[in-house]
Amino acid sequence: MRIAIRRTIKVLREKQILHKLGVAVSIAIIAAACYVLYHILRGIDTDRVLDAMSQTDPSSIALAAVFVAAGYFTLTFYDLFAVRAIGRDDVPYRVNALAAFTSYSIGHNVGASALTGGAVRYRIYSAWGLDAIDVAKVCFLAGLTFWLGNAAVLGLGVAYHPEAASAVDQLPPEVNRVLALVIIAGLAVYVAWVSIKPRCVGRGSWTVTLPGGKLTLLQIGIGIVDLSFCALAMYVLTPEEPHVGFVVVAVIFVSATLLGFASHSPGGLGVFDAAMLVGLWQMDKEELLAGMLLFRLLYYIVPFVISILVLAIREIVLGARPKRVRPLGEALEPKPVRGDPSPG
């Protein structure tokens, strides 16, 4: 059975079938999102959207900003966990925090986060002796934490409130609840699988040892906390009426985020927005759109600008280091003379 699976995977890789399928899925998601947005937004009053943004309670914006900051703080533990998991305990937390914050904020906005985020991480971690393979392992383990957290939040949320997911995927609530239970069961099986004995993926120097059962539960916990903060930021920016509850917003938010991630569009632009507008259909569209624009400003634009400034300052500091003037005492020391001294 394993041999057959490996052969199938090998054929898929050689013919780039998976890559082509992924591109086709991305295009289909973006096309569907554009179609939905066109029909939803063609009657939108832009002036009302801008007016709703200006009338948003400053305390709500401040609270959303706090939740966004807490979410990005939680993201730093993705890298801390991943770097420790590959055995590099010598890398300090401040470096993990810098790599995580800048790579995610830039990757969120530029798109193709696996490539852009990986490049940013390599630039930072290479100064601490991590090579390209080490950085690839860090990206893999951080991504694993992201997906485990998403699966847990989506599974638990949809199992509790399947109608929220039905608003997005248009499937009957009973079907969504069954799918949610399958996701939860899959997570339980995975935790049990890695708990039995050490599990590895990859080949040769690219081999990654998967975290064990307890560490996997920690991964899931980190992912849940991160997504919860992000969902809370979105929740406080949504219209107060009609009241739909945090769980509903969280389920729709995670669903929209995953669709945006699958589309590979920068920041899930268009896809995330379409899913949110469809899922929260009962809310006033102008007010909801105003909240979504504020969320984008807080979660995408502001961190992106901060990351660019931080990386620019870092590069300036690193570039200036070799040009520092040597200490006076060192400058006065005589240089050793090569070869034999001339006869006096």
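Following our numbering, the numbering of the sequence shown begins with 1237 at its first residue and continues without gaps.
All residues carry an ideal CB built from backbone N, CA and C; glycine is no exception.
Remember, it's a predicted structure, so these values are computed and weren't measured experimentally.
Alpha carbon to alpha carbon, how far is residue i from residue j?
| i | j | result |
| --- | --- | --- |
| Ala-1486 | Ala-1400 | 9 Å |
| Phe-1309 | Met-1519 | 31 Å |
| Trp-1383 | Thr-1312 | 16 Å |
| Gly-1393 | Ile-1419 | 11 Å |
| Gly-1379 | Pro-1447 | 13 Å |
| Ile-1245 | Leu-1524 | With a pLDDT of 49 at Ile-1245, under the threshold of 50, the predicted position of this residue should be treated as unreliable, though the coordinate-derived value follows. Spanning the two alpha carbons is a distance of roughly 43 Å. |
| Gly-1575 | Val-1553 | Confidence at Gly-1575 is low in this model, with a pLDDT of 44, below 50, so its placement is unreliable and the value that follows should be read with caution. Cα to Cα, the separation comes out at about 38 Å. |
| Arg-1320 | Leu-1423 | 23 Å |
| Gly-1581 | Gly-1354 | The structure shown does not extend to residue 1581, since the chain is modelled only from 1237 through 1580, so no value can be given for it. |
| Ile-1549 | Asn-1345 | 20 Å |
| Ala-1267 | Ala-1301 | 32 Å |
| Ala-1403 | Leu-1473 | 20 Å |
| Val-1389 | Leu-1463 | 8 Å |
| Gly-1343 | Asn-1412 | 30 Å |
| Ile-1537 | Ser-1341 | 8 Å |
| Cys-1375 | Gly-1555 | 26 Å |
| Tyr-1426 | Ala-1387 | 12 Å |
| Phe-1465 | Gln-1406 | 26 Å |
| Asp-1509 | Met-1528 | 8 Å |
| Pro-1408 | Ala-1421 | 20 Å |
| Lys-1450 | Arg-1557 | 43 Å |
| His-1438 | Tyr-1471 | As written in the sequence, residue 1438 is Gly, which differs from the His given in the question. Going from the Cα of Gly-1438 to the Cα of Tyr-1471 covers about 40 Å. |
| Arg-1330 | Tyr-1358 | 15 Å |
| Thr-1452 | Val-1414 | 24 Å |
| Val-1430 | Arg-1278 | 50 Å |
| Leu-1334 | Val-1461 | 19 Å |
| Glu-1410 | Arg-1324 | 46 Å |
| Ser-1295 | Val-1541 | 23 Å |
| Ile-1432 | Ala-1498 | 32 Å |
Can you have a look at residue i and say buried or exposed, based on whether 16 or more other CB atoms are within 10 angstroms of its CB?
| i | result |
| --- | --- |
| Glu-1551 | exposed |
| Thr-1443 | exposed |
| Leu-1316 | buried |
| Lys-1373 | buried |
| Ser-1441 | exposed |
| Ile-1488 | buried |
| Gly-1481 | exposed |
| Asp-1326 | exposed |
| Ala-1336 | buried |
| Pro-1328 | exposed |
| Gly-1307 | buried |
| Pro-1539 | buried |
| Val-1666 | Outside the displayed span of the chain (1237 to 1580) sits residue 1666, for which this structure offers no information. |
Note down, in chain order, each residue of its chain lying with its Cβ closer than 7 Å to the Cβ of residue i, except the 5 sequence neighbours on either side.
| i | result |
| --- | --- |
| Glu-1522 | Ile-1280, Asp-1281, Arg-1284, Val-1285, Ala-1288 |
| Thr-1445 | Pro-1434, Cys-1436 |
| Asn-1332 | Thr-1312, Asp-1315, Leu-1316, Val-1319 |
| Leu-1270 | At residue 1270 the sequence reads Cys, which differs from the Leu that was named. Closer than 7 Å at the Cβ level, and outside the excluded window around Cys-1270, lie Gly-1506. |
| Ala-1350 | Cys-1375 |
Hey, residue i and residue j: beta-carbon distance below 8 Å or not?
| i | j | result |
| --- | --- | --- |
| Val-1490 | Ala-1467 | yes |
| Ala-1395 | Leu-1417 | yes |
| Leu-1495 | Val-1507 | yes |
| Ile-1322 | Asp-1367 | no |
| Thr-1352 | Ala-1526 | no |
| Ala-1469 | Tyr-1535 | yes |
| Gly-1391 | Gly-1459 | no |
| His-1397 | Val-1514 | no |
Suppose the cutoff is 8 Å on Cβ atoms and the five residues either side in sequence are ignored; what does the same chain contact list for residue i look like?
| i | result |
| --- | --- |
| Pro-1572 | Confidence in Pro-1572 is poor, its pLDDT being 48 and thus under 50, which makes the residue's placement unreliable; the coordinate value appears in the next sentence. Contacts found: none. |
| Thr-1338 | Val-1356, Ile-1360, Ser-1543, Val-1546, Leu-1547 |
| Leu-1530 | Met-1289, Thr-1292, Ile-1297, Ala-1300, Leu-1473 |
| Leu-1454 | Phe-1317, Pro-1447 |
| Ala-1428 | Gly-1449 |
Got a sec? Which residues, its chain only, sit under 6 Å from residue i by beta carbon, not counting five neighbours each side?
| i | result |
| --- | --- |
| Gly-1504 | Gly-1496 |
| Thr-1381 | Tyr-1314, Gln-1455, Ile-1458, Gly-1459 |
Three CB pairs or more closer than 8 Å across the region 1463 to 1478 and the region 1361 to 1372: no
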